[in-house]
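Below is one structure, written out as structure tokens; the observations come after it.
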Amino acid sequence: MSLTETTTELPSALEGQPLERIERDGVEYVVLGTAHVSLTSVEAVKALLAQEQFDAVAIELCDSRAQGMRDPEAFKQMDLLQVIRQGKVGMVAASLVLSTFQKRLADQHGIEPGAEMKAAMDGAAAQGVPLWLIDREVGTTLRRAWHSVGFWQRFGLMGGLLASVFEREAIDEKEIEKLKEGDMLESAFSEFATESAPLYRSLIAERDTYMAARLREQAERGHFGAGKKVLVVIGAGHLKGMGEQLRVQQDDPILTAAELAKAPPKSRWPKWIALALVIAVFAAIAFAFHRNTALGAQALRDWVLLTGGFAAVGAIIAGGHPLSVVAAFIAAPIKPFRPGIPSGGISAMVEAWIRKPRVADFEALRDDITHWSGWWKNRVARTLLNFFLVCLGTIVGEYSAGIHIFKSLF
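Residue numbers (my numbering): 74 to 483.
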């Protein structure tokens with residue numbers, strides 16, 4: 074293995090742009106650190122492609138983000154029923170929240186985030202060279218970030234993200250300059266990314282390692298060697314970390330990337346707590362029947378009314394159709410006997426089936442969710458809201474029913 078690093082004096086068109094040339098295993102990687110919100114970065118990408126001949130172009134995008142950039146209207150084809158069935162409601166909601174942050178930048182400053190990546194994609198196509206998508210799937214990154222923090226930190230994280238949706242103040246120039254030095258995902262998570270070491274690791278450090286491994290993997294698969302040159306376009310916030318990883322990595326790149334691409338294992342203790350609660354409640358109901366049939370019937374009635382009632386209230390608050398409310402009321406009490414789709418999922422599927430989202434709802438989605446009223450006006454947003462509020466109502470109902478039943482027995 075050969076590993077050298079050189080720096081090149083920048084032409085005037087690239088002045089002020091962070092650029093490193095790293096040679097690894099005979100391949101020269103020309104690494105350009107860009108700002109996702111800077112037109113200057115777009116010009117820097119175009120200038121490099123015009124002045125030098127590359128054998129491949131690598132960019133800080135995953136398959137889904139690249140597809141979204143190629144076809145910005147693709148989300149209009151989203152099948153809400155499939156999203157709910159596959160348990161992807163949380164990921165869709167998180168992606169929408171992140172998109173509102175980018176939309177604020179575009180609306181307030183006329184900046185389209187990721188334009189430099191689009192320029193690199195167009196340049197690769199124009200030169201007829203392979204395009205390497207080296208970033209980790211954004212869904213995996215968000216899941217690993219979520220599982221990296223503790224229970225209480227998750228509440229703060231959700232609160233911060235939701236607050237950013239309804240933020241009305243303009244993003245000032247100081248914040249714009251900060252974005253130019255960092256990473257879009259890190260910036261969207263605000264201070265949480267810098268104050269939480271686990272969150273920073275999953276959002277930034279792991280991706281540095283992953284992207285360096287992907288570069289090496291793609292070079293090996295393409296039989297790149299001496300004399301080959303690759304343009305690497307990444308956010309300036311990754312330049313130092315990814316560059317260091319590219320210099321020092323010794324492990325098998327395929328295994329390294331595969332390990333970091335794994336979705337985090339689901340935490341089991343919340344399920345065990347919920348299961349223990351349900352077992353305890355039904356044991357109490359059985360004990361009530363053993364003591365007195367009327368007392369048992371009352372305990373069972375309390376379970377149905379409280380779990381179903383709170384779930385139905387969630388559907389009502391979400392502006393759900395009457396049949397969605399009924400579905401929530403029926404689904405919540407039998408949740409322990411029906412593993413799989415949660416009660417919120419059943420109610421949301423009924424809502425999406427009865428009030429099918431229109432093309433106009435998808436077109437207006439990103440605008441509508443930035444206003445409180447938009448969540449109830451837009452059929453897509455209302456279905457997502459229905460899912461979350463019915464799930465929340467079911468949880469509240471379960472705990473309320475448990476407390477009430479135990480109090481009636483002891």
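Built from N, CA and C at the ideal position, the CB exists for glycine as well.
| query | How many Å lie between Ala278 and Gly314 at the Cα? | reply | 7 Å
| Anticipated Cβ contact below 8 Å, Val469 with Leu304, distance rounded | Contact doesn't hold; Cβ gap of about 53 Å is too wide.
| query | Which class does Trp449 belong to by DSSP, given the choice of helix, strand or coil? | reply | helix
| request: Give the straight-line distance between the Cα atoms of Ser111 and Pro186, rounded to the nearest whole angstrom. | output: 8 Å
| task | Mind checking which residues open and close the alpha helix (DSSP H) that includes Lys313? | result | 309-321
| query | Are at least three pairs of beta-carbons, each pair with one atom in the segment 428-436 and one in the segment 460-474, less than 8 Å apart? | reply | no
| Distance between Phe460 and Lys421 (C-alpha atoms, nearest Å) | Looking at the sequence itself, residue 421 is Ala, so the reference to Lys does not match. Approximately 5 Å between the Cα atoms of the pair.
| Unbroken alpha helix (DSSP H) run spanning Val44, endpoints | Nothing in the structure corresponds to residue 44, since the chain is present only between 74 and 483.
| From which residue to which residue does the beta strand (DSSP E) around Glu332 run? | Note, Glu332: premise wrong, no beta strand (DSSP E); alpha helix (DSSP H) at 326-333.
| Cβ distance (whole Å) where Phe127 is taken to contact Lys302 below 8 Å | 5 Å
| query | So Leu319 and Ala285 are in contact, right, with Cβ under 8 Å, and what is the actual spacing, rounded? | reply | 4 Å
| task | From the DSSP output, in three-state form, read off Ser263 for me. | result | Reliability of the predicted coordinates at Ser263 is poor, the pLDDT of 49 falling under 50, and the value obtained from them is presented with this limitation in mind. Residue state, collapsed to three classes: coil.
| task | Note the first and the last residue of the continuous alpha helix (DSSP H) segment covering Val423. | result | 416-427
| said: Rounded to the nearest angstrom, what separates Thr214 and Ala199 at their Cα positions? | reply: 31 Å
| field | Alpha-carbon spacing of Trp448 relative to His296, whole angstroms | value | 51 Å
| task | For the alpha helix (DSSP H) holding Glu436, just list the boundary residues, first then last. | result | 432-441
| What residue from Lys450, Thr443, Ile419 has the CA that sits closest to Ala433's CA? | Lys450
| request: Please say whether Val104 and Ala192 have beta carbons closer to each other than 7 Å? | output: no
| With 16 other CB atoms within 10 Å as the buried threshold, where does Trp219 fall? | buried
| task | In the DSSP assignment, find the alpha helix (DSSP H) that holds Ala131 and state where it starts and stops. | result | From DSSP, Ala131 is part of no alpha helix (DSSP H) but of the beta strand (DSSP E) over 129-132.
| In DSSP terms, what Leu204 is bridged to | Val130
| task | Helix, strand or coil for Arg216, going by three-state DSSP, please let me know. | result | helix
| said: If I measure Cβ to Cβ from Gly106 and keep anything under 6 Å in the same chain, skipping five residues before and after, which residues do I get? | reply: Pro91, Ala309, Leu312
| Given a threshold of 16 other Cβ atoms within 10 Å of its Cβ, counted over all protein chains shown, does Glu93 qualify as buried or as exposed? | buried
| Segment limits, alpha helix (DSSP H) that includes Ile485 | Because the chain here runs from 74 to 483, residue 485 falls outside it and cannot be looked at.
| Looking only at C-alpha atoms, which of Gly212, Tyr273, Pro406, Met190 sits nearest to Ser221? | Tyr273
| said: Quick check: what's the CA-CA separation for Asp375 versus Ala400? | reply: 18 Å
| Roughly how many angstroms separate the alpha carbons of Ala347 and Ala353, rounded to a whole number? | 10 Å
| query | Leaving out five residues before and five after Ser75 in sequence, what residues of the same chain have Cβ atoms less than 8 Å from its Cβ? | reply | Here the model assigns Ser75 a pLDDT of 47, short of 50, so the residue's position is not dependable, and the following value carries that caveat. Correct list, in chain order: Glu96, Arg97, Asp98, Gly99.
| Terminal residues of the continuous beta strand (DSSP E) containing Glu93? | 92-97
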